[in-house]
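Engineer: Top to bottom, those sequences are chains A and B. The opening position of the first sequence corresponds to residue 275 in the numbering used here, with each subsequent residue numbered one higher. The opening position of the second sequence corresponds to residue 3 in the numbering used here, with each subsequent residue numbered one higher. The beta carbon of each residue, even a glycine, is placed where N, CA and C say it ideally should be. Supplied in structure tokens, the structure appears directly below.
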Amino acid sequence: GAGVSQSPRYKVAKRGQDVALRCDPISGHVSLFWYQQALGQGPEFLTYFQNEAQLDKSGLPSDRFFAERPEGSVSTLKIQRTQQEDSAVYLCASSLMYSNQPQHFGDGTRLSIL
Amino acid sequence: SQQGEEDPQALSIQEGENATMNCSYKTSINNLQWYRQNSGRGLVHLILIRSNEREKHSGRLRVTLDTSKKSSSLLITASRAADTASYFCATDDSGGFKTIFGAGTRLFVKA
């Protein structure tokens, strides 16, 4: 597949559990973004990677959120000690080179915290 | 919220009519992009307009940009039922890496 792939598509967790969300960007894409999208709202920026370097993590809501892209391709967004307000769709996007180019989005992971 | 604003929040039109959506943003930008999102799916890039451009066309889409007013509009001509989706504008954080999305316009095209 040539598109951005995210897994799992749906995740249900109990409050307090840790979760890990995976993103496989388009092969060769330098830039990778994570967003959080609440129902009926636009995506909110979480963090940005250029290859393996995390250049902007200003959107991460708290220190419970952690993202990595160790080899400059696949990325994982980890949320520790989940809370109900973490329930949202988490979107990953990649772009060929720089952060101000068109982004290709995955279909997201819908996270529900009970 | 750091998002820009779009209006209207929702728009319902008949097939064949034109749809116009507006976006306002807060900071200086390098470019502005429009995306669409079908329910339960990721966003799809439609068009990018640079800060030194005033108008851009792509098929049935026409985008304008007024940097003095910090606003943009997206016009979809001769709408089709398949255009039913949410539409978002997105701006770069000039000098930074962040992309800032508006809250979106929900377009419903009735067949």
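Relative to the C-alpha of residue 277/A, which residue among 370/A, 385/A, 374/A, 386/A is closest?
Structural biologist: Start at 1 with the first residue of the first sequence, and residue 277/A comes out as number 3. Minimum Cα distance to residue 277/A is reached at 370/A.
Engineer: Who are the near neighbours of residue 64/B in its chain, counting only those whose CB is closer than 6 Å to its CB and skipping five residues on each side?
Structural biologist: Here residue 64/B refers to the residue found at position 62 of the second sequence. Contacts found: 77.
Engineer: Take every Cβ of the stretch 18-27 of chain B, pair it with every Cβ of the stretch 332-339 of chain A, and state whether three or more of those distances are shorter than 8 Å.
Structural biologist: The stretch 18-27 of chain B is not in contact with the stretch 332-339 of chain A.
Engineer: In whole angstroms, what separates the C-alpha of residue 104/B from that of residue 91/B?
Structural biologist: Start at 1 with the first residue of the second sequence, and residue 104/B comes out as number 102. Start at 1 with the first residue of the second sequence, and residue 91/B comes out as number 89. Straight-line Cα distance between these residues: approximately 6 Å.
Engineer: Whose Cβ in chain B lies nearer than 7 Å to the Cβ of residue 349/A?
Structural biologist: Numbered from its first residue, the first sequence carries residue 349/A at position 75. Under the 7 Å cutoff, chain B gives no residues; its nearest Cβ is about 15 Å from residue 349/A.
Engineer: Please list, in chain order, the chain B residues whose beta carbon lies closer than 8 Å to that of residue 332/A.
Structural biologist: Taking the first residue of the first sequence as position 1, residue 332/A is located at position 58. What residue 332/A touches in chain B: 100.
Engineer: Which residues in chain B have a C-beta closer than 7 Å to the C-beta of residue 315/A? List them in chain order.
Structural biologist: Along the first sequence, read from residue 1 onward, the residue named residue 315/A stands at position 41. Those within 7 Å of residue 315/A in chain B are 105.
Engineer: Return the CA-CA distance between residue 285/A and residue 88/B, expressed in angstroms with no decimal places.
Structural biologist: Working through the first sequence from its first residue, we reach residue 285/A at position 11. Working through the second sequence from its first residue, we reach residue 88/B at position 86. Roughly 24 Å separates the two Cα atoms.
Engineer: Going by C-alpha to C-alpha distance, which of 366/A, 374/A, 361/A, 360/A sits closest to residue 116/B?
Structural biologist: A question about residue 116/B goes unanswered here, because the residues of chain B that appear run from 3 up to 113.
Engineer: Could you round the C-beta distance between residue 361/A and residue 329/A to whole angstroms and report it? I think they count as a contact, below 8 Å.
Structural biologist: Position 87 of the first sequence, counting from 1, holds the residue named residue 361/A. Position 55 of the first sequence, counting from 1, holds the residue named residue 329/A. In fact, because the Cβ distance is near 28 Å, the residues do not count as touching under 8 Å.
Engineer: Under a three-way DSSP split, which group does residue 4/B fall into?
Structural biologist: Along the second sequence, one-based indexing puts residue 4/B at 2. Any reading at residue 4/B is ruled out, since the residue's pLDDT is 47, under 50, leaving its predicted position unreliable.
Engineer: Which two residues bound the contiguous beta strand (DSSP E) that contains residue 303/A?
Structural biologist: Within the first sequence, numbered from 1, the residue matching residue 303/A stands at position 29. Premise fails: residue 303/A is in no beta strand (DSSP E) and is neither H nor E.
Engineer: Take residue 325/A and list the residues in its own chain whose beta-carbon comes closer than 8 Å to its own, dropping the five residues that flank it on each side.
Structural biologist: If you number the first sequence from 1, residue 325/A lands on position 51. Excluding positions up to five away in sequence, the list reads 304, 343, 346.
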